[in-house]
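Residue numbers (my numbering): 11 to 278.
In this text, a Cβ means the ideal position worked out from N, Cα and C, and glycines have one as well.
Listed below in structure tokens is the structure:
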């Protein structure tokens, strides 16, 4: 009975260990799924933040480029307007001086002609300067526009790179989390399988031990029964022998007594 109770206790303990191993496996699997989901959500959020940052940087660069271009165009327009106004003022002054000189005398008129010629040369020089300044302003505006476009392009490329890197990092984190979860589940399954194998081995060994003990007990009981039977048979045989011997002795004694009695009676 004690062996049967011990065997049942071992079987119950093994079942409890298997249940605990399955519970650990389920918990680790659930934990792995949660880690993978959190990593995926974090990756998506990081990618969205990178994309938004890239768009903001690109828009800021484009706006800055437009502002620089507008400022350059405004400066160029102001310079051109100022030079045109100055050229117009010089041309009017030269004409008035020439008419005044003509009303005075010829010599003065010649001097004024030279003055007018010099003024004309200055006016030509001013025109060339105005054209050069306008060209320079146009070049500045073009350069500013090109720089703004380059900055916007670089900002867009940087934003795309940041978003791409963020997405790659998120995917790596999610992949690592998934691998960790898979390893945890595998470890849990291995632990459950090991516990089950150990439990089955222990139960099998306990059953074999109980069977061997029961067999030994049966053999001992059988041997004891055989010995008892032998003792009983010997005792019975001895009793029969003793009883027979006693009966024979009693018969002999009775016969002798009867013969003796007849002999004595014959004497009288």
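Which same chain residues, not among the five before or five after residue 87, have their C-beta less than 7 Å away from its C-beta?
Counting from 1 along the chain shown, the entry for residue 87 is found at position 77. Nothing listed; no residue qualifies.
Return the CA-CA distance between residue 233 and residue 219, expressed in angstroms with no decimal places.
In the chain shown, the residue the question calls residue 233 occupies position 223. In the chain shown, the residue the question calls residue 219 occupies position 209. Each residue's Cα considered, the two are about 21 Å apart.
Hey, out of 40, 59, 44, whose CA is closest to residue 171's CA?
Stepping through the chain shown from its first residue, residue 171 is reached at position 161. The residue with the shortest Cα to Cα distance from residue 171 is 59.
Once you ignore the five residues that flank residue 244 on each side, which residues in its own chain have a CB closer than 6 Å to its CB?
Residue 244 sits at position 234 when you count from the first residue of the chain shown. So the list is empty, once near-sequence residues are dropped.
Quick one, which of 275, 69, 186 has its alpha-carbon nearest residue 44's?
What you label residue 44 is simply residue 34 of the chain shown in a count that begins at 1. Taking only the C-alpha atoms, the option nearest residue 44 is 186.
Would you report the Cα separation of residue 182 and residue 40, rounded to the nearest angstrom?
Sequence index remark: in the chain shown, residue 182 carries index 172 (1-based). Sequence index remark: in the chain shown, residue 40 carries index 30 (1-based). Their Cα atoms are separated by approximately 20 Å.
Quick check: the Cα distance between residue 267 and residue 248, rounded to an integer number of angstroms?
Here residue 267 is taken as the residue at index 257 of the chain shown, counted from 1. Here residue 248 is taken as the residue at index 238 of the chain shown, counted from 1. Cα-Cα distance, rounded: 28 Å.
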